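Asks: In the working numbering, the protein residues as written are 409 to 537.
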């Protein structure tokens, strides 16, 4: 049985989040892997989101996505595999907790040893409400 985790990362700010409610952005880029099958296509269609594929094997994009996937796998998924196969609720909560930690508390080297949210807020005062 294969499971597919859907998350997003903003490359500019390194902000990450689980993709619970899907973004209202048409043409969300997706990978070309077989995990993104009919179920995902139906979900995107139900939310009115167009499906747009990423370019095949662009080195910068591929490296960025693979690094994020590796960090997610090693920092969260590997520690919470049991709930992945017994009940999605607990697994999803653990994943969401890690993504909140990654965006609000974990220091990112490329952001000057700041969490992404702390880096992002001074540049977007409308988000400080």
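For glycine and all other residues, C-beta sits at the position ideal for the given N, C-alpha and C. These figures come from a predicted structure and were not determined experimentally.
Suppose you measure from the CA of residue 527 to the CA of residue 519; what does that come to, to the nearest Å?
Replies: For the purposes of this step, residue 527 is taken as residue 119 along the chain shown, with counting starting at 1. For the purposes of this step, residue 519 is taken as residue 111 along the chain shown, with counting starting at 1. Their backbone Cα atoms lie some 7 Å apart in a straight line.
Asks: Look up residue 522 in the DSSP assignment and say whether it is helix, strand or coil.
Replies: As a position in the chain shown, residue 522 is number 114, starting the count at 1. Residue 522: strand per DSSP, three-state reduction.
Asks: Consult DSSP for residue 516 and reduce its assignment to one of helix, strand or coil.
Replies: Along the chain shown, read from residue 1 onward, the residue named residue 516 stands at position 108. Strand at residue 516.
Asks: Whose C-beta lies closer than 7 Å to the C-beta of residue 512 among residues of the same chain, with five residues either side of it excluded?
Replies: If you number the chain shown from 1, residue 512 lands on position 104. 523, 525, listed in sequence order.
Asks: Helix or strand or just coil, what does DSSP make of residue 497?
Replies: Taking the chain shown and counting its residues from 1, the one referred to as residue 497 is at position 89. Residue 497 falls in the helix class under three-state DSSP.
Asks: Assuming residue 488 and residue 499 form a contact by the criterion Cβ under 8 Å, report the distance between their Cβ atoms to the nearest whole angstrom.
Replies: On the chain shown, position 80 is the one that residue 488 refers to. On the chain shown, position 91 is the one that residue 499 refers to. With a Cβ gap of about 6 Å, residue 488 and residue 499 count as contacting.
Asks: For residue 484, count the other beta carbons within 10 Å of its own beta carbon; 16 or more makes it buried, fewer makes it exposed. Which is it?
Replies: The sequence position of residue 484 within the chain shown is 76, counting from 1. That one is buried.
Asks: Mark residue 535 as exposed unless 16 or more other C-beta atoms lie within 10 angstroms of its C-beta, in which case mark it buried.
Replies: In the chain shown, counting from the first residue as 1, residue 535 sits at position 127. Looking at its Cβ environment, which holds fewer than 16 other Cβ atoms inside 10 Å, residue 535 is exposed.
Asks: Give a yes or no on whether the C-beta atoms belonging to residue 521 and residue 529 are separated by under 8 Å.
Replies: Here the question's residue 521 lines up with position 113 in the chain shown. Here the question's residue 529 lines up with position 121 in the chain shown. Contact: no.
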